[in-house]
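Sequence lines, in order, name chains A and B. Take the first sequence: its position 109, counted from the start at 1, is 141 in our numbering, and no numbers get skipped. Take the second sequence: its position 90, counted from the start at 1, is 122 in our numbering, and no numbers get skipped.
Number of protein chains: 2
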Amino acid sequence: MLPSPFRMTKQRQLILDEIKKMKTHPTADEVYEVLRPKMPRISLGTVYRNLETLPKTGLLRKIDVGGTQKRFDGDISDHYHVRCTQCSRIDDLFIDADKKLLKKAENATDFDILRHNVEFVGICPKCKKEEE
Amino acid sequence: MLPSPFRMTKQRQLILDEIKKMKTHPTADEVYEVLRPKMPRISLGTVYRNLETLPKTGLLRKIDVGGTQKRFDGDISDHYHVRCTQCSRIDDLFIDADKKLLKKAENATDFDILRHNVEFVGICPKCKKEEE
DNA sequence: CTACTTGCAAAAAATTTGCTGCTAT
DNA sequence: ATAGCAGCAAATTTTTTGCAAGTAG
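Next up, the structure:
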């Protein structure tokens with residue numbers, strides 16, 4: 033459970049700001065490395081704790097994609113992702129969620145559905161070129 | 033790259049068979065625990081190595097969902113998943129992939145799209161009950 | 001035969017946590 | 001003031017890897 037007075041600390045604000053600037057869907061350690069020059073005493077533990085709490089407030093999005101590490105997205109608007117199988121780059125995909133899809137899902141399960149994630153998997157233009 | 037003579041060893045076959053029996057979308061360590069009674073000397077390293085190689089042959093599916101650990105699915109037919117936010121249970125969802133969705137995605141990106149994953153997130157009937 | 005695979009153990013990578021002191025409200 | 005947070009470091013969890021011996025094709 034999140035504590036009721038959710039404090040916007042300097043660390044939290046910076047983590048949020050920096051991730052929002054990044055378009056790369058960073059992992060926890062990538063976030064940490066970006067923060068360090070601006071706040072040298074910030075700890076990796078703090079980064080992990082906030083990457084856990086911020087998505088619960090809706091200020092940040094945790095994305096569930098392939099790979100060992102979790103990734104984060106400062107863009108909280110509804111959108112999907114494409115991941116490159118070769119280099120793991122993740123791009124945004126702003127396409128409309130299909131309403132039928134959601135309806136079908138709701139009919140097919142007993143779960144109360146809250147949201148959904150769509151991840152397309154493919155090969156990015158750069159890796160495509162290198163394959164030739 | 034996968035070696036050309038892909039050997040179906042006893043370990044590989046057992047890993048595959050057992051996962052196909054399980055309907056729970058197990059993690060690596062869950063697979064390991066199921067195997068141990070049947071093959072006590074199998075090592076966790078072997079399990080991890082095979083959970084990496086088997087999906088590349090198409091005999092097994094690696095699913096990219098929320099949570100810390102990777103999960104695997106012995107059912108390689110096309111289907112989606114629903115995950116419970118409370119207890120992390122993952123159910124199958126056999127609904128038709130929407131063709132428009134794929135078309136839209138292909139139009140919206142430079143990636144060559146190979147496949148896609150859809151994960152619905154919600155609350156399972158059991159956790160729903162416990163909430164009351 | 002012989003390249004691929006395994007078991008074992010150690011290492012690396014990723015994440016979580018206990019504690020003490022600082023700070024946003 | 002005071003509950004919540006941060007920093008630090010240690011612990012835990014998850015995954016990967018080197019190597020010598022075993023085995024499928």
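Beta carbons: idealized from backbone N, C-alpha and C, even for Gly. Just so we're clear, the structure is a prediction, and the values are computed from it rather than from any experiment.
My output table needs one value for residue i: the three-state DSSP class, helix, strand or coil.
i	result
leucine 34 of chain A	coil
valine 114 of chain A	strand
aspartate 130 of chain A	coil
aspartate 49 of chain A	helix
lysine 158 of chain B	helix
proline 72 of chain B	coil
threonine 89 of chain B	helix
arginine 81 of chain B	helix
arginine 39 of chain B	coil
Chain A partners of residue i, CB-CB under 7 Å?
i	result
cysteine 119 of chain B	Those within 7 Å of cysteine 119 of chain B in chain A number zero; the least Cβ separation is about 11 Å.
isoleucine 127 of chain B	Lys136, Ala137 and Ala140
Name the DSSP bridge partner or partners of residue i?
i	result
asparagine 149 of chain A	B/Glu151
aspartate 96 of chain A	Partner(s): none; aspartate 96 of chain A has no beta bridge.
arginine 103 of chain B	B/Thr59 and B/Ile95
alanine 123 of chain B	A small correction: the amino acid at residue 123 of chain B is aspartate; alanine does not occupy that position in the sequence shown. Aspartate 123 of chain B is bridged to B/Val114.
aspartate 142 of chain A	The partner list for aspartate 142 of chain A (beta bridge, DSSP) is empty, contrary to what the question assumes.
When you compare the CB of residue i with every CB in chain A, is at least one pair closer than 9 Å?
i	result
lysine 132 of chain B	yes
aspartate 142 of chain B	yes
threonine 64 of chain B	For clarity, residue 64 of chain B is tyrosine in the given sequence; the question names threonine instead. Closer than 9 Å: no.
aspartate 110 of chain B	no
arginine 73 of chain B	no
Just the chain B side, please: which residues come within less than 9 Å of residue i by C-beta, in chain order?
i	result
isoleucine 122 of chain A	Chain B residues near isoleucine 122 of chain A: none, gap ~10 Å exceeds 9 Å.
leucine 146 of chain A	Thr117, Phe152, Val153, Gly154 and Ile155
Review point. Which residues, in order along the region 149–162 of chain A, keep a beta-carbon less than 7 Å from a beta-carbon of chain B?
Key: Asn149, Val150, Glu151, Phe152, Val153, Gly154, Ile155, Cys156, Pro157 and Lys160
May I ask you to list, following chain order, the residues of the region 75–104 of chain A that have a beta carbon less than 7 Å from some beta carbon of chain B? Asp96, Val97 and Gly98
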